[in-house]
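**Student:** Residues in the sequence shown are numbered consecutively from 105, following the working numbering.
Backbone N, C-alpha and C define an ideal beta-carbon position, used for all residues, glycine too.
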Amino acid sequence: MFHDKEDEDAEREVSAKEQVFKIIIIGDSGVGKTCLAHRFSTGKFPERTEATIGVDFWERSLTINGSSVRLQIWDTAGQERFRKSMVVHYYRNVSAVIFMYDITREGSFRALETWLQEYDHYGLTEIDGEGCSVPKLMIGNKCDLIHERTINSNEARKFADLHNMPMWEISTKNDEELETIESIFITLAHKLLQVWDTAGQERFRSVTQSYYHNADGVIVTYDITNRKSFDNLQQHWLDDVHRFTSKKVLMYMVGNKRDLSQEREVDSGSAQMIAEQENCIAMETSAKEADNVENLFMSLATQLKRNVKNVEGNETKDNPTADENGTTGVNLGGHSICARGPLSCCRV
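1) Between the Cα of residue 408 and those of 134, 178, 353, spot the shortest distance and give me the residue it belongs to.
2) For residue 241, report the span of its beta strand (DSSP E) as first-last.
3) What are the uninterrupted segments assigned as alpha helix (DSSP H) that are 4 or more residues long and contained completely in the stretch 189 to 219, given in chain order?
4) Just list the alpha helix (DSSP H) runs in the stretch 317 to 393, keeping only unbroken ones of 4 residues or longer that don't cross its boundaries, in chain order.
5) Residue range of the beta strand (DSSP E) that residue 288 falls in?
6) From residue 385 to residue 401, what distance separates their C-alpha atoms?
7) Between residue 275 and residue 247, is the Cβ-Cβ spacing less than 7 Å?
8) Going by DSSP, name the residue or residues bridged to residue 124.
9) Can you tell me which of the three DSSP states residue 273 falls into?
10) Just tell me which of 168, 243, 177, 171 has its CA closest to the CA of residue 131.
11) Between the alpha carbons of residue 255 and residue 239, how many angstroms are there, rounded?
12) Using a Cβ distance threshold of 8 Å, determine whether the stretch 213 to 229 contacts the stretch 124 to 140, with at least three qualifying pairs required.
13) Given a cut-off of 7 Å on the beta-carbon distance, is the pair residue 324 and residue 357 in contact?
14) Whole-angstrom Cβ separation of residue 355 and residue 345, contact assumed at under 8 Å?
15) I want to know whether the stretch 360 to 375 touches the stretch 387 to 396 - three or more CB-CB distances under 8 Å.
16) For residue 166, write down the residues that DSSP places opposite it in a beta bridge.
17) Below 6 Å CB to CB, which residues in the same chain sit around residue 173 once its five sequence neighbours on both sides are set aside?
18) Would you call the CB atoms of residue 245 and residue 135 closer than 7 Å?
19) Cα-Cα, which of 257, 195, 271 is closest to residue 453?
20) Quick one: is residue 366 near chain C, going by C-beta distance under 7 Å?
21) Mapping DSSP to helix, strand and coil, what is residue 130?
22) Rank 406, 251, 283 by C-alpha distance to the C-alpha of residue 148 and give the top, closest one.
23) Judging by CA-CA distance, which residue of 280, 220, 328 is the nearest neighbour of residue 374?
24) Check whether the Cβ atoms of residue 207 and residue 175 sit closer than 7 Å, and answer yes or no.
25) In this structure, does DSSP put residue 161 in helix, strand or coil?
26) If you draw a straight line from the C-alpha of residue 318 to the C-alpha of residue 350, how long is it?
27) Please name the residue, chosen from 365, 177, 171, 335, that lies closest to residue 141 on a Cα-to-Cα basis.
28) What does the alpha-carbon distance come out to for the pair residue 258 and residue 250?
29) Taking the DSSP output, what are the residues bridged to residue 179?
30) Taking the alpha-carbon of residue 295 as reference, which of 180, 331, 241 has the nearest alpha-carbon?
31) Quick check: the Cα distance between residue 297 and residue 341, rounded to an integer number of angstroms?
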């Protein structure tokens, strides 16, 4: 099929906005890992399956709350002889893990302990040393063979609860189960988006020191309609700035979404007080309406340039952004941007 340049550009733009999550399915050979991946990716039960050697790879794109998400499903080998050379690759950059067993084979359920030990071994339990782990869930397969069940639901659920995993029992073979299978992956996608947007930042705080390395300026942002984002700014992000940057770093504290001022949960006075305590410049913006955004970066650039001149002239003081009156500000085309007063910088 012929695609013109505009089509290709549009496809690249969509792809660039798509968040990709790697999900691996782990369990003994024959529990139905390939069938689960195939059923979710194609909507069909595979007519014929063979034991996976190494890894099989499946993909499916979803739209979750307006966000484009691509789930990469890694169907891993359950036989030890096929895993030794590949196991490290399974766990690299993994976003979530599905532990799977066969409800008609007690051994496959008991083996979950070993699979969980492998999960722990590759560092997926304590990502940041603060108890944040890669999301995991447990699936019991082959409910179409309920008369051959050897593991009852109550025992399986207790095990899942013990290891802090949600649990489902399904039959990948039955077409009636497709909706349940879809709901499992959609629920997981919601969870992964939540981790990406909030907890994910917390999870990766252990590597944020590299982000701050040699930083000259830092913009710390909160949502004026979300009090928790402002509280987290005080409890976490400002501490990180102080911990990982030099005392001379230029810091801005920016409240976004002032286009939703009628939904405000953080008043200007509180923000101004914190800004003064932290020796930073307070501003409010609306990224959606491009309101005060240019002023923010013009101010930052101008202040950084001033700091460089101060350093070159060996005139740097404890507060490199303060003028002779102790006021932190800069003149931008006749507009005075100042950190003193009731967020006057936000009303430019």
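**Tutor:** The short version:
1) Ranking 134, 178, 353 by Cα distance to residue 408 puts 353 first.
2) Here the beta strand (DSSP E) through residue 241 covers 240 to 245.
3) When DSSP assignments are scanned along the stretch 189 to 219, the uninterrupted stretches of alpha helix (DSSP H) that are 4 or more residues long and fall wholly within it turn out to be 191 to 195, 210 to 214.
4) Unbroken alpha helix (DSSP H) stretches of 4 residues or longer found wholly inside the stretch 317 to 393: 331 to 336, 342 to 348, 372 to 381, given in chain order.
5) Boundaries around residue 288 are those of the alpha helix (DSSP H), 282 to 298, since no beta strand (DSSP E) includes it.
6) Taking C-alpha positions only, residue 385 is separated from residue 401 by approximately 12 Å.
7) Yes, they are a contact pair.
8) Bridge partners of residue 124 according to DSSP: 174.
9) Strand at residue 273.
10) The candidate whose alpha carbon is nearest that of residue 131 is 243.
11) Residue 255 and residue 239 have their C-alpha atoms spaced approximately 24 Å apart.
12) They touch, by the three-pair rule.
13) With contacts defined as CB atoms closer than 7 Å, residue 324 and residue 357 qualify as a contacting pair.
14) Indeed they touch by this definition, with Cβ atoms about 6 Å apart.
15) Segments in contact, yes.
16) Residue pairing from DSSP places residue 166 in a beta bridge opposite 173.
17) Sequence-distant partners of residue 173 (beyond 5 residues in either direction) whose C-beta falls short of 6 Å from its own C-beta, in its chain, are 123, 166, 293.
18) The criterion of a C-beta distance shorter than 7 Å is satisfied by residue 245 and residue 135.
19) Since the first and last residues shown for the chain are 105 and 452, residue 453 lies out of range.
20) No chain C is present in this structure, which holds just one protein chain.
21) Reduced to three states, the DSSP call for residue 130 is strand.
22) The residue with the shortest Cα to Cα distance from residue 148 is 283.
23) Of the candidates 280, 220, 328, 328 places its Cα closest to the Cα of residue 374.
24) For the pair residue 207 and residue 175, the CB atoms are not nearer than the 7 Å cut-off.
25) In the structure shown, residue 161 falls within a strand segment according to DSSP collapsed to helix, strand and coil.
26) The alpha-carbon atoms of residue 318 and residue 350 are separated by roughly 8 Å.
27) Checked all of 365, 177, 171, 335; the closest Cα to residue 141 is 177.
28) If you take the alpha carbons of residue 258 and residue 250, they lie about 14 Å apart.
29) Paired residue(s): 129, 160.
30) Answer by Cα proximity: 241.
31) Their Cα atoms are separated by approximately 21 Å.
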